[in-house]
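See structure below.
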Amino acid sequence: MSRQSTLSSLAGLSIATALSAVAADDNPEKKPNFLFILADDTTYEVIAAAGMTKVKTPNIDRLYRGGVVFTHTYNMGSWSPAVCIASRTMLNSGMTINRDRRGAKQHPLWPRLMGDDGYKTYFTGKWHVSGFDRKQKTIFDVVKHPRPGMPRQTPSGYHRPKDEEDYKNGWKPWDKSKGGFWQGGEHWSIIAADDAIGFIDDAKKTDKPFFIYLGFNSAHDPRQVPKEYVDMYPIEKMETPKNFIALYPDAAKIGCDIRDEFLLPSPRTEYSVKVNRQEYYACVTFMDHQIGRVLDALEKSGQADNTYIIFTADNGLAVGHHGLAGKQNLYDHSVRLPFIIKGPGLKPRKIDTPIYMQDIMPTVLRLAGAKVPEWVEFKSLLPLLKDSNATHYDHIYGQYLNYQRMVTKNGWKLIVYPYAKKRLLFNLDKDPDEMVNLAHNPEYSAKLEELEKLLKTAQSEMGDTLDINAPPPISKRHPRQKNRRRKKPEPAATE
Ligand SMILES: [Ca+2]
Numbered sequence: 006m007s008r009q010s011t012l013s014s015l016a017g018l019s020i021a022t023a024l025s026a027v028a029a030d031d032n033p034e035k036k037p038n039f040l041f042i043l044a045d046d047t048t049y050e051v052i053a054a055a056g057m058t059k060v061k062t063p064n065i066d067r068l069y070r071g072g073v074v075f076t077h078t079y080n081m082g083s084w085s086p087a088v089c090i091a092s093r094t095m096l097n098s099g100m101t102i103n104r105d106r107r108g109a110k111q112h113p114l115w116p117r118l119m120g121d122d123g124y125k126t127y128f129t130g131k132w133h134v135s136g137f138d139r140k141q142k143t144i145f146d147v148v149k150h151p152r153p154g155m156p157r158q159t160p161s162g163y164h165r166p167k168d169e170e171d172y173k174n175g176w177k178p179w180d181k182s183k184g185g186f187w188q189g190g191e192h193w194s195i196i197a198a199d200d201a202i203g204f205i206d207d208a209k210k211t212d213k214p215f216f217i218y219l220g221f222n223s224a225h226d227p228r229q230v231p232k233e234y235v236d237m238y239p240i241e242k243m244e245t246p247k248n249f250i251a252l253y254p255d256a257a258k259i260g261c262d263i264r265d266e267f268l269l270p271s272p273r274t275e276y277s278v279k280v281n282r283q284e285y286y287a288c289v290t291f292m293d294h295q296i297g298r299v300l301d302a303l304e305k306s307g308q309a310d311n312t313y314i315i316f317t318a319d320n321g322l323a324v325g326h327h328g329l330a331g332k333q334n335l336y337d338h339s340v341r342l343p344f345i346i347k348g349p350g351l352k353p354r355k356i357d358t359p360i361y362m363q364d365i366m367p368t369v370l371r372l373a374g375a376k377v378p379e380w381v382e383f384k385s386l387l388p389l390l391k392d393s394n395a396t397h398y399d400h401i402y403g404q405y406l407n408y409q410r411m412v413t414k415n416g417w418k419l420i421v422y423p424y425a426k427k428r429l430l431f432n433l434d435k436d437p438d439e440m441v442n443l444a445h446n447p448e449y450s451a452k453l454e455e456l457e458k459l460l461k462t463a464q465s466e467m468g469d470t471l472d473i474n475a476p477p478p479i480s481k482r483h484p485r486q487k488n489r490r491r492k493k494p495e496p497a498a499t500e
């Protein structure tokens, strides 16, 4: 694309920031680069700069302080117990939860669109998009170390630790004999960062702008890292979440009697939650360290000024909130995730307008000056990046199989459990930990009714045909996700 056509397409989109970014570049012909960093199972509260937990993330903090932070970023849920797959299929197809699988088969995916727009596209790490070969030869120009949905867990990594004695003798994050992230001899997070650093170096040799998709498998379990990272979080200093309970009362009826929930013993103990959160924080910090290496390499390459860096995750994770361990629920800890975009022309600030993480797909296309295809349903963030008060979505929607539905608007949230026949109504402004269910409080009956109507509207918009008052019989195929994957992870593949 010529400079003139780039500028005219950008100007047509009324994007002052992108326009100035492109125009300000030393080489006006060159479009901006993109470093897209996608973490796995990383909830919104595990960024130190956000001040919500005692996790250490000095490098993500660099992005947080220097970029635009969207504080209320959601994943829409999942049509599979493997929430990652739905999130990533939506991300790469640009289509919402009940249309993304078909769309992903019918239309070119996000990285292919970037390639078609003149980008050299690079991929390493976790892909996990429904129905696609992980090697992704036709989607990216360069692929290194494509990984499955998760490293291999071992039976000893479940239902632990029962107590301090069990911890002493049991599974440890740094025990390389357990494979998983250690499979192949080098931790997968290190390899992913090494690959990204290689991509940055390679990109200097081409005239094309780059699009790097760096998919960490962390902080998904198995929560494996070197011991020194676990030691950063002494167990006596760990805290249980405010909404800690020993058992979630409706777990089976909301589809939460599955693999992720077996990581902790049941009933949960404060000790087991503290150990799991210690290891979770350690995984995030270890990933943060690798991200720091990539950011440093980008700086050194001289390409940072013309590169948008995005850090986000596919979904959140409970790790002891509400008596839950996994991400198969619609509480904020499991549907909200970190989202930062830093780059040319973007003034650092926080925006609390709710967005979906998948909005990044059309956003990047527009920042690149590419056309957003008509099938893309998620919204570009450029109007919000230009004006923090711009309108975006009217409400945020969530669904998990037929077990759970959610809608949230203006600080209020309704969760419906069709099989458990329950409604949960939360005032998120007063009760961010979602502990006080107001659904049975007559004072809020009008609010409940309003959100029930809104949920019906949202279901209709999203092509969700579930009757929440009369759900179909529970499918025998789906209620449990046993640990079916028995294949060993692939050895280190090459491009
Ligand atoms: Ca995930």
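The sequence shown maps to residues 6 to 500 in this note's numbering.
All C-beta atoms in this analysis are idealised placements derived from N, C-alpha and C, irrespective of residue type, glycine included.
For clarity, every value in this text was computed on a predicted model and none was experimentally measured.
What is the residue span of the beta strand (DSSP E) that residue i lies within?
{"i": "ASN38", "result": "38-44"}
{"i": "GLY403", "result": "401-405"}
{"i": "TRP193", "result": "No beta strand (DSSP E) holds TRP193; the alpha helix (DSSP H) holding it covers 193-208."}
{"i": "VAL73", "result": "73-75"}
{"i": "HIS150", "result": "147-152"}
{"i": "LEU386", "result": "Neither: LEU386 is in no beta strand (DSSP E) and is coded neither H nor E."}
{"i": "LYS418", "result": "417-422"}
{"i": "LYS110", "result": "Note, LYS110: premise wrong, no beta strand (DSSP E); alpha helix (DSSP H) at 105-111."}
Our contact map puts residue i next to residue j with C-beta atoms below 8 Å; I'd like the distance itself, whole angstroms only.
{"i": "THR94", "j": "ILE356", "result": "Their Cβ separation, rounded to whole angstroms, is 26 Å, which puts THR94 and ILE356 out of contact at 8 Å."}
{"i": "LEU96", "j": "TRP84", "result": "In fact, because the Cβ distance is near 14 Å, the residues do not count as touching under 8 Å."}
{"i": "GLU439", "j": "ASN248", "result": "7 Å"}
{"i": "PRO423", "j": "ASN442", "result": "Actually they do not touch by this definition, with Cβ atoms about 17 Å apart."}
{"i": "ILE217", "j": "ALA198", "result": "Not a contact, Cβ separation roughly 11 Å."}
{"i": "GLY260", "j": "GLN333", "result": "6 Å"}
{"i": "ILE473", "j": "ARG410", "result": "6 Å"}
Closer than 7 Å by C-beta to residue i: which residues in its own chain qualify, once you throw out the five before and the five after it? Chain order, please.
{"i": "ILE65", "result": "ILE52, ASP293, ILE296, PHE316"}
{"i": "ASP171", "result": "ARG165"}
{"i": "TYR285", "result": "ALA224, ARG228, VAL324"}
{"i": "GLN283", "result": "VAL235, TYR238, ILE240, MET243"}
{"i": "LYS258", "result": "TYR422, TYR424, ALA425"}
{"i": "SER465", "result": "none"}
Taking residue i as part of the alpha helix (DSSP H), name the residues at either end of that continuous run.
{"i": "HIS326", "result": "Careful: HIS326 lies outside any alpha helix (DSSP H) and carries neither H nor E."}
{"i": "ASN174", "result": "169-174"}
{"i": "TYR285", "result": "275-306"}
{"i": "ILE90", "result": "88-98"}
{"i": "TYR234", "result": "232-235"}
{"i": "THR368", "result": "365-372"}
{"i": "VAL412", "result": "Segment 409-414 is the beta strand (DSSP E) holding VAL412; no alpha helix (DSSP H) there."}
{"i": "TRP115", "result": "115-121"}
{"i": "LYS452", "result": "450-466"}
{"i": "VAL60", "result": "VAL60 -> no alpha helix (DSSP H), and no H or E assigned at all."}
Less than 8 Å separating the beta-carbons of residue i and residue j?
{"i": "ASP146", "j": "LYS177", "result": "no"}
{"i": "ARG157", "j": "SER135", "result": "no"}
{"i": "PHE215", "j": "ASN38", "result": "yes"}
{"i": "TYR79", "j": "PRO359", "result": "yes"}
{"i": "LYS131", "j": "GLY56", "result": "no"}
{"i": "LEU350", "j": "SER339", "result": "Note on identity: in this sequence residue 350 is Gly, with Leu being the wrong assignment. No. Outside cutoff."}
{"i": "ASP265", "j": "ALA330", "result": "yes"}
{"i": "TYR398", "j": "MET81", "result": "no"}
{"i": "GLY154", "j": "LYS183", "result": "no"}
{"i": "LEU390", "j": "VAL74", "result": "no"}
Buried or exposed: residue i, going by 16 or more other Cβ atoms within 10 Å of its Cβ?
{"i": "THR312", "result": "buried"}
{"i": "PRO160", "result": "exposed"}
{"i": "THR129", "result": "buried"}
{"i": "ASP222", "result": "With the sequence shown as reference, residue 222 is identified as Asn, and Asp is not the correct amino acid for it. The residue is buried, with at least 16 neighbouring Cβ atoms inside 10 Å."}
{"i": "SER480", "result": "exposed"}
{"i": "ASP31", "result": "Legend: pLDDT at ASP31 = 43, less than 50; position of this residue unreliable, value from coordinates given subsequently. The residue in question, ASP31, is exposed, as its Cβ has fewer than 16 Cβ neighbours within 10 Å."}
{"i": "LEU252", "result": "exposed"}
{"i": "THR470", "result": "exposed"}
{"i": "VAL289", "result": "buried"}
{"i": "GLN363", "result": "buried"}
{"i": "SER61", "result": "The displayed chain sequence assigns Lys, not Ser, to residue 61. So LYS61 counts as buried."}
{"i": "ARG354", "result": "exposed"}
{"i": "PRO343", "result": "buried"}
{"i": "THR368", "result": "buried"}
{"i": "ASN174", "result": "exposed"}
{"i": "ASP212", "result": "exposed"}
{"i": "TRP380", "result": "exposed"}
{"i": "LYS209", "result": "exposed"}
Between residue i and the rest of its own chain, which residues show a CB-CB distance below 8 Å, the 5 nearest in sequence each way excluded?
{"i": "THR143", "result": "ARG117"}
{"i": "SER13", "result": "Residue placement at SER13 is poorly supported in this model, since its pLDDT is 36, which falls under 50; the coordinates still yield a value, given next. If we look at SER13 and ignore the five residues flanking it on each side, it has no Cβ neighbours."}
{"i": "VAL412", "result": "HIS400, ILE401, TYR402, GLY403, LYS418, LEU419, LEU456, LEU459, LEU460, ALA463"}
For residue i, which residues from the same chain have a beta carbon less than 6 Å from its beta carbon, with the 5 sequence-adjacent residues on both sides left out?
{"i": "VAL27", "result": "Summary for VAL27: the model assigns pLDDT 41, below 50, so the residue's position carries little reliability; its value from the coordinates is reported in the next sentence. For VAL27, where only same-chain residues beyond five positions count, there are no Cβ hits under 6 Å."}
{"i": "HIS326", "result": "PRO246, ASN248, HIS338"}
{"i": "LYS1", "result": "Here the chain covers residues 6 to 500 and nothing more, so residue 1 does not appear."}
{"i": "LYS418", "result": "PHE431, LEU433"}
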